[in-house]
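Peer 1: My questions will all concern the structure given below.
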Amino acid sequence: MTPRKHQRDPATATPPSESGFPLISNQKLVALYTAMLTCRLLERRMRAESIRPIPRLRGREAVAAGVALNLLPQDQVSTLDGSLLPGLIRQEPAAEDAIRTAFAQTGERNARARSGAPWDEALQSARALKCGEKKNVVALFSGLARAPKDVLHSAAAERLPILFVCHSKREAENLAAIADGCGLPGIVVDCEDAVAVYRVAAEALAHARRGNGPTLMECRQWPALRKPERRSRGDDDAVRKTERYLAGKGLWTMELKRQTQAGLERMLDRAVTSVSNGAHC
């Protein structure tokens, strides 16, 4: 579970090289797993309840959890694809309320994502945060949408506190290299490796909070293994991969999974009941 970095010229080293990757406490590792399991169960329940359209959850759990668990209360989150996950994970103290909201608003999509408005709004928010004293940041989850180069150039030139979180399907897209060309660090990370995502996000956000400007994190499947090999090892499933990692540290057992899953299922039951009752009022 080691972060993979996009190789850059030594003169413009990526943020993780500044102080080395941080250690993650056992408590945070379990929180990562619980957040990802919540996302997986939420999608399963939405399918069971025949809620349409079902938002894209599977394959995004590790990225959403790894980034969102690094955010502070005053940080801002923006999603271009209407993803529920970052907001859901951030509201962990009020998880049941967040899940209830997710069920109630599942059919809503962010039509503005097709325009340039979210990108411009993220820049405006980052400018406001830069002038503040609390060193807060904007985390912009863009899904498969490519960040416009003029947005990246502006963020880099103004050293704005933004983390661009992008997904790519192919290594040839090389979004990290595009970011490099626009003057900000670009880092590639395995989208199914929650620990790697958490570590890269932690350093990128610290980089922004120190006033050093934005970072683009390109999240994609790591191509080291062919698809059949990834599937046989469980590396094509972020939840299974995290379970194996935690088991190696003595932090995971099937009994722990059953207990955690049972608690989350009860929470989902209450959320569904609440939404159903509200619909009949």
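Per my numbering, the sequence shown starts with residue 2, numbered consecutively.
For glycine and all other residues, C-beta sits at the position ideal for the given N, C-alpha and C.
Since the model is a prediction, treat every value here as computed from it, not as a measurement.
Let's see if you can read the secondary structure: which residues bound the alpha helix (DSSP H) around V298?
Peer 2: Here the chain covers residues 2 to 282 and nothing more, so residue 298 does not appear.
Peer 1: Since L185 and G212 are thought to touch, with beta carbons under 8 Å apart, how far apart are those beta carbons, to the nearest angstrom?
Peer 2: Contact doesn't hold; Cβ gap of about 14 Å is too wide.
Peer 1: Tell me whether S26 is buried or exposed, calling it buried when 16 or more other Cβ atoms sit within 10 Å of its Cβ.
Peer 2: Classification for S26: exposed.
Peer 1: Rounding to the nearest angstrom, what Cα-Cα distance links E204 and L72 in this structure?
Peer 2: Cα-Cα distance, rounded: 12 Å.
Peer 1: Could you have a look at I25 and say whether DSSP puts it in helix, strand or coil?
Peer 2: Note: I25 maps to coil in three-state DSSP.
Peer 1: If I follow the unbroken beta strand (DSSP E) through D121, where does it start and stop?
Peer 2: Element bounds for D121: not the beta strand (DSSP E) but the alpha helix (DSSP H), A118 to K131.
Peer 1: What is the residue span of the beta strand (DSSP E) that R210 lies within?
Peer 2: No beta strand (DSSP E) contains R210, which is instead part of the alpha helix (DSSP H) from A195 to R210.
Peer 1: Do you know how far the Cα of C40 is from the Cα of A195?
Peer 2: So the alpha carbons of these two residues sit roughly 13 Å apart.
Peer 1: Just mark K242 as buried or exposed, buried being the case when its beta carbon has 16 or more other beta carbons within 10 Å.
Peer 2: Buried is the call here.
Peer 1: Could you check where the alpha helix (DSSP H) with S155 kicks off and where it finishes?
Peer 2: Per DSSP, S155 belongs to the alpha helix (DSSP H) from K150 to A158.
Peer 1: If you drop the 5 nearest sequence neighbours on each side, which residues of the same chain put their C-beta closer than 8 Å to that of R115?
Peer 2: No answer about R115 holds up, because its pLDDT of 49 lies below 50 and its placement is not dependable.
Peer 1: Please classify F156 as buried or exposed, where buried requires at least 16 other C-beta atoms within 10 Å of its C-beta.
Peer 2: Contrary to the premise, residue 156 reads as Ala rather than Phe in this sequence. With 16 or more Cβ atoms within 10 Å of its Cβ, A156 is classed as buried.
Peer 1: Please report how far the alpha carbon of K136 lies from the alpha carbon of H208, in whole angstroms.
Peer 2: Computed Cα separation, rounded: 11 Å.
Peer 1: For L145 versus M218, is the C-beta distance shorter than 9 Å?
Peer 2: Cβ distance not < 9 Å, so L145 and M218 don't count as in contact.
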